[in-house]
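S.K.:
In our numbering, the protein residues as written are 5 to 176.
1) Quick check on residue 27: does DSSP put it in helix, strand or coil?
2) Could you tell me the distance, in whole angstroms, from the CA atom of residue 21 to the CA atom of residue 39?
3) Name the two residues that bound the continuous beta strand (DSSP E) containing residue 65.
4) Would residue 72 and residue 116 qualify as a contact pair, given that the criterion is a beta-carbon distance under 8 Å?
5) Three or more C-beta pairs under 8 Å: does that hold for the segment 61 to 80 against the segment 11 to 29?
6) Please identify the residue among 78, 43 and 51 whose C-alpha is closest to the C-alpha of residue 14.
7) Tell me whether the segment 37 to 52 and the segment 119 to 132 touch, counting them as touching only if at least three CB pairs, one residue from each stretch, are closer than 8 Å.
8) Output the distance between the C-alpha atoms of residue 37 and residue 66, rounded to the nearest integer angstrom.
9) Do three or more CB pairs link the segment 100 to 107 to the segment 81 to 88 at distances below 8 Å?
10) Can you tell me which of 91, 96, 110 and 56 puts its alpha carbon nearest to the alpha carbon of residue 118?
11) In or out: residue 41 buried (at least 16 other Cβ within 10 Å) or exposed?
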């Protein structure tokens, strides 16, 4: 993610806002009487909601909306990066369609984020986007991709390159 936004100040602000929103969720839980516990996350002590089954209840719609808005620049940067890698693929869809697909996934992940399991929102979202990216790529470039053969490279290898190193096992 640090390299995704290419602006360390902007990346830092995004991370700080995500952390602030997490603190808001934690405060909502405490106000409601939920217990919290200390756990180690990413090498440091982190306070989390103890009841993993109820933790999502403390993520208000306002927090979900703010997380979506706050992480849009990173999602759009990811879409742009993947779009640029798809240069040369015939019938590729416009960048705004890829951004729309990734934004849709961001919203879905915002709604399923469990702060008791993973207090780091970006740490939750971006690995999941990477796992879902091949499916998004199928929708993005279509089921019958016809990439130009470049110095003997097969279409499947080209699609694999577009997926950013994620193996795509289908021959197209």
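C-beta: ideal position from N, C-alpha, C; glycine also. The model shown is predicted, which means the values in this text are computed figures rather than measured ones.
M.R.: Let me lay it out:
1) On the chain shown, position 23 is the one that residue 27 refers to. Residue state, collapsed to three classes: helix.
2) Looking up residue 21 in the chain shown gives position 17. Looking up residue 39 in the chain shown gives position 35. Approximately 24 Å between the Cα atoms of the pair.
3) As a position in the chain shown, residue 65 is number 61, starting the count at 1. Taken as a continuous stretch (DSSP letters only), residue 65 belongs to no beta strand (DSSP E), being part of the alpha helix (DSSP H) at 65 to 89.
4) Within the chain shown, numbered from 1, the residue matching residue 72 stands at position 68. Within the chain shown, numbered from 1, the residue matching residue 116 stands at position 112. Cβ distance not < 8 Å, so residue 72 and residue 116 don't count as in contact.
5) Contact check between the segment 61 to 80 and the segment 11 to 29: three or more CB pairs, one atom from each, fall below 8 Å, which counts as touching.
6) Position 10 of the chain shown, counted from the start, is the residue given in the question as residue 14. Of the listed residues, the one whose Cα sits closest to residue 14 is 78.
7) A contact is defined here as three or more CB-CB pairs under 8 Å, and the segment 37 to 52 meets this definition with respect to the segment 119 to 132.
8) As a position in the chain shown, residue 37 is number 33, starting the count at 1. As a position in the chain shown, residue 66 is number 62, starting the count at 1. Answer to the nearest angstrom: the Cα atoms are 20 Å apart.
9) Yes, they touch.
10) By 1-based counting over the chain shown, the position of residue 118 is 114. Closest by alpha carbon: 56.
11) Residue 41 sits at position 37 when you count from the first residue of the chain shown. Under this definition residue 41 is an exposed residue.
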